[in-house]
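Written out below as structure tokens is the structure these notes cover.
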Amino acid sequence: MEGSPARLVKFVLYDTPLDGSNGALRLLPGSHRAPAAYPTTDIAPEDLPAHVLPVEPGDVIAFDPRARHAALGGAIRRQIAVAFARRPEHASAQQQLMSLVMADKTVV
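Quick note on the working numbering: the sequence shown kicks off at 40 and runs consecutively.
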């Protein structure tokens with residue numbers, strides 16, 4: 040359907056144990072539906088209503104990369120990230136998908 044939102048899922052495989060103190064992924068619940076409704080300015084990162092997702096080596100997290108997410112803490116994180124998307128049929132949806140992919144700073 041023309042103008043339908045791009046579908047994208049990101050998988051991250053971790054090789055390092057992480058928790059809330061050393062760089063575990065944090066997600067703002069529901070923010071993939073309305074990112075603008077979740078302002079992140081003027082709020083200390085530790086005060087955001089985010090879910091911390093602790094991991095052990097070998098764990099995989101799958102999430103919608105449109106969700107507001109971050110990793111706080113100074114630990115070195117070893118991970119492999121892969122994003123999958125169905126190729127949209129319409130040009131406008133293809134442009135939306137490319138914008139999502141290019142906005143992800145982990146894409147090389």
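Don't be surprised by glycine CBs; every beta carbon is placed ideally from N, CA and C.
I'd like the span of the beta strand (DSSP E) that includes residue i, first residue to last.
{"i": "Leu-52", "result": "47-53"}
{"i": "Val-121", "result": "118-124"}
{"i": "His-129", "result": "Careful: His-129 lies outside any beta strand (DSSP E) and carries neither H nor E."}
{"i": "Val-94", "result": "Per DSSP, Val-94 belongs to no beta strand (DSSP E) and is neither H nor E."}
{"i": "His-71", "result": "From DSSP, His-71 is part of no beta strand (DSSP E); its letter is neither H nor E."}
Find out if the Cβ-Cβ distance for the pair residue i, residue j is shorter than 8 Å.
{"i": "Leu-87", "j": "Leu-67", "result": "yes"}
{"i": "Pro-104", "j": "Leu-47", "result": "yes"}
Relative to the alpha-carbon of residue i, which residue among the options has its alpha-carbon at the smallest distance?
{"i": "His-90", "options": "Asp-98, Ala-130 and Ser-70", "result": "Ser-70"}
{"i": "Ala-124", "options": "Gln-135, Ala-83 and Gly-59", "result": "Gln-135"}
{"i": "Leu-52", "options": "Ala-122, Asn-61, Asp-98 and Ala-110", "result": "Asp-98"}
{"i": "Leu-111", "options": "Asp-54, Arg-65 and Lys-49", "result": "Arg-65"}
DSSP has residue i in a bridge; who is on the other side?
{"i": "Ile-100", "result": "Val-51"}
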